[in-house]
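Engineer: Taken in sequence, the protein lines are chains A and B.
Counting from 1, one number per residue, gives the positions in the first sequence under the UniProt record's numbering.
Counting from 1, one number per residue, gives the positions in the second sequence under the UniProt record's numbering.
Number of protein chains: 2
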Amino acid sequence: MRKIKVKAYSTSANLGPGYDILALAHNAFADELVMEIDKIHAGNRIRIIGNNVPPEAKKNSAGLPLIKLFNEFDIRESVTIHITKNIPVGSGLGSSGSSAAASIAAANELFSLSLSRDEMIRFAMEGECASSGTPHADNVAASIYGYVVSVNSVNPPRAYNIKTEMDLRFMSIIPDVHIPEKTKLARSMVPFSITMESGIRNSRNLASLISGFASGKRDLIRDGMDDGIVERSRLSLFPYYTSIKANVMKKNAVGVCVSGAGPTILILYDNETDLHGIEDKIDQIMRSAGITYRRSYSTLSGGMEIE
Amino acid sequence: MRKIKVKAYSTSANLGPGYDILALAHNAFADELVMEIDKIHAGNRIRIIGNNVPPEAKKNSAGLPLIKLFNEFDIRESVTIHITKNIPVGSGLGSSGSSAAASIAAANELFSLSLSRDEMIRFAMEGECASSGTPHADNVAASIYGYVVSVNSVNPPRAYNIKTEMDLRFMSIIPDVHIPEKTKLARSMVPFSITMESGIRNSRNLASLISGFASGKRDLIRDGMDDGIVERSRLSLFPYYTSIKANVMKKNAVGVCVSGAGPTILILYDNETDLHGIEDKIDQIMRSAGITYRRSYSTLSGGMEIE
């Protein structure tokens, strides 16, 4: 019987001023998903087997988009999905988005649907509802496209890669913190309206960040990866962030941001960065905040890998 | 006696979603400015001679930044400035910015001040006060840097070029319309606050526009050169714009925007654009609006040329 195996990487959305726009994929972690047709059970049944995932399809990031896809393409067969979850759940590293993207990519292959990447985003976005209540496209776009992506439109979804020649390297600071209904909460903290002035300031940063990726100029990324709206509105969720950011930039990181809705902090670094200085400083900050954490090192990764 | 001659090109600011951020320089028009030391009159006197320019230094875009520069560098000599104004005044093509930039560049050369481009922006911005009451950096940044520029910060001014390999071509539609105190009025129409949602939509467009320039993908520019905040708030000033925009995009232009605070409309086109179709359509639209206008064709230009 035919089995499709998909590997989908961890992702970080927002990147400072790019709320609901920018994201990137990194090889810090990767989920693996195997999908096969279930010949025994008739009638589009979706069976999900895995560690640390809700077994009910409707409540599962991999299951919900599949229900939508099965309905739209009138697929009557049943499938079994085995998920090996390696991306930490609820950490802001795109765990739910990766499962959703992997599930749609596997079905696309298994049923020869020839979906475009943007069509895959449309279905995979539904998976984000399962975990956060709101469909948002940035993490799934990064899972599907790989590298640095920008979401141009959500309805219909349209994304594209921002090409960069930079050897981007990342340190993820993953606190052992569980915030219930985190993404829903974090999204509710974003202000409904902003002043034009702060909008222009953030847009300047966004322009600088994108130009930095495209041109390979680290100073433009340093200037640009700074957010005065969304990150600021959520500071109470990540009390350690302000101090980490100030210290990390002093030690010449390329940039630092909250990864998605947090609590993970993503640090961009290169050869000019005092990496050990940063590690020591973060140890200090987190110890005095009484929060345990782990570090993960990664580089940019491509999109999903399909076997 | 030493004479410095500077040629400064016309510019278009905003480019849709890049209000107070993006601008570009084109060779549609160029002002020429000649500056020489006036040995006869002592005591930092600034004499301005030219067609269609206010002779009083304080009220003149070339004079005002020079007063600031003379004060700051304690320059005691007098100068005579001859301005040949070719950029139409009050048209949204950066006429005042070009004079200001040319004046500062000439003084930089004449008095060997070794100003950086960003320092030149700082002084030249003052010239914008003479014509609009507000210092803004976008047009002077384009005059000084040339090509496509992004303003990263206004205080202190910091700008950079967005590199593009595209063979960008422009049609300027310059209506014979005079709006008194136009820039001041147009700036007062911009809303004080915006919804986060419309901010995100505009930021998506800005991201797409910049990525389009950087990658040479015309579709990203087509998607991105669309503004739902600033252009929309000023529509009553340019009643012909909505119809021009819709028709020009239908005929496959790369993009269309209001040039700065208008009334000029800037159209980006390439080989895929139905240029004659656009010309005919605009003739029709402007005729039925009862507005005479002229067209000008140009390409991207560099920064100032100094002899």
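From the three backbone atoms N, C-alpha and C, an ideal C-beta is built for every residue, glycine too.
If you're wondering where the values come from, they're calculated on a predicted model, not measured in any experiment.
With a floor of 3 residues, list each beta strand (DSSP E) that falls wholly inside the UniProt domain "GHMP kinase N-terminal" (69–146) of chain B, ordered by position along the chain.
Structural biologist: 78–84
Engineer: Sort Ala214/A, Met286/A and Ala106/A by Cα distance to Asp31/A and report the nearest one.
Structural biologist: Ala106/A
Engineer: Taking C-alpha atoms, which residue in Asn152/B, Pro263/B, Lys85/B and Glu36/B lies nearest to Asp226/A?
Structural biologist: Asn152/B
Engineer: Say whether chain A places a C-beta atom closer than 8 Å to the C-beta of Ser298/B.
Structural biologist: no
Engineer: Buried or exposed for His178/B, going by 16 or more other Cβ atoms inside 10 Å?
Structural biologist: So His178/B ends up on the exposed side.
Engineer: Judging by CA-CA distance, which residue of Gly90/A, Arg122/A, Asn86/A and Leu113/A is the nearest neighbour of Pro263/A?
Structural biologist: Residue nearest to Pro263/A within the set Gly90/A, Arg122/A, Asn86/A and Leu113/A is Gly90/A (criterion: CA-CA distance).
Engineer: Is Asp138/B buried or exposed, if buried means 16 or more other CB atoms sit within 10 Å of its CB?
Structural biologist: So Asp138/B ends up on the buried side.
Engineer: Does Gly43/A come out as helix, strand or coil in the three-state DSSP assignment?
Structural biologist: coil
Engineer: Can you tell me where the alpha helix (DSSP H) holding Ala246/B begins and where it ends?
Structural biologist: Tyr241 to Lys250
Engineer: May I have the straight-line CA-CA distance separating His41/B from Ser114/B, to the nearest angstrom?
Structural biologist: 26 Å
Engineer: Closer than 8 Å, CB to CB, is Asp20/B near chain A or not?
Structural biologist: yes
Engineer: Residues in its own chain within less than 8 Å of Val248/B by CB, not counting five upstream and five downstream?
Structural biologist: Result list for Val248/B: Val256, Ile267, Ile278, Lys281 and Ile282, in chain order.
Engineer: How far does the alpha helix (DSSP H) with Asn205/A in it reach, from first residue to last?
Structural biologist: Met196 to Ser215
Engineer: DSSP three-state label for Leu168/A, please.
Structural biologist: coil
Engineer: Quick check: is the beta carbon of Leu220/B nearer than 8 Å to any beta carbon in chain A?
Structural biologist: yes
Engineer: Could you give the DSSP three-state label for Asp176/A: helix, strand or coil?
Structural biologist: coil
Engineer: For the region 194–209 of chain A against the region 202–214 of chain B, do three or more pairs of beta-carbon atoms, one drawn from each stretch, fall closer than 8 Å, so that the two count as touching?
Structural biologist: yes
Engineer: Does the contact criterion of 3 or more C-beta pairs under 8 Å hold for the region 217–237 of chain A versus the region 46–59 of chain B?
Structural biologist: no
Engineer: Please check the pair Ala8/B and Ala101/B, which I expect to be a contact at CB under 8 Å, by giving their CB distance rounded to whole angstroms.
Structural biologist: About 5 Å separates the CB atoms of Ala8/B and Ala101/B; that is less than 8 Å, so the two are in contact.
Engineer: With a threshold of 16 other CB atoms inside 10 Å of the CB of Arg294/A, please say whether the residue is buried or exposed.
Structural biologist: Of the other Cβ atoms in all chains shown, fewer than 16 fall within 10 Å of the Cβ of Arg294/A; this residue is therefore exposed.
Engineer: Check each residue of the region 185–199 of chain B: if its Cβ is closer than 7 Å to any Cβ of chain A, include it; give the result in chain order.
Structural biologist: Val190, Pro191, Phe192, Ser193, Ile194, Thr195, Met196 and Gly199
Engineer: Looking at the strands, I want to know which residues DSSP matches up with Glu32/A.
Structural biologist: Paired residue(s): Lys7/A and Thr84/A.
Engineer: Look at the alpha carbon of Leu237/B and the alpha carbon of Ser150/A, and state the distance between them as a whole number of angstroms.
Structural biologist: 33 Å
Engineer: For a test of the three-state rule: what should DSSP assign to Ala25/B, helix, strand or coil?
Structural biologist: strand
Engineer: Which of the three DSSP states, helix, strand or coil, is assigned to Phe299/B?
Structural biologist: It is worth fixing the name first, because residue 299/B is Thr in this sequence and not Phe. Under the three-state reduction of DSSP, Thr299/B is assigned to strand.
Engineer: Alpha carbon to alpha carbon, how far is Asp167/A from Glu181/A? Give it in angstroms, no decimals.
Structural biologist: 35 Å
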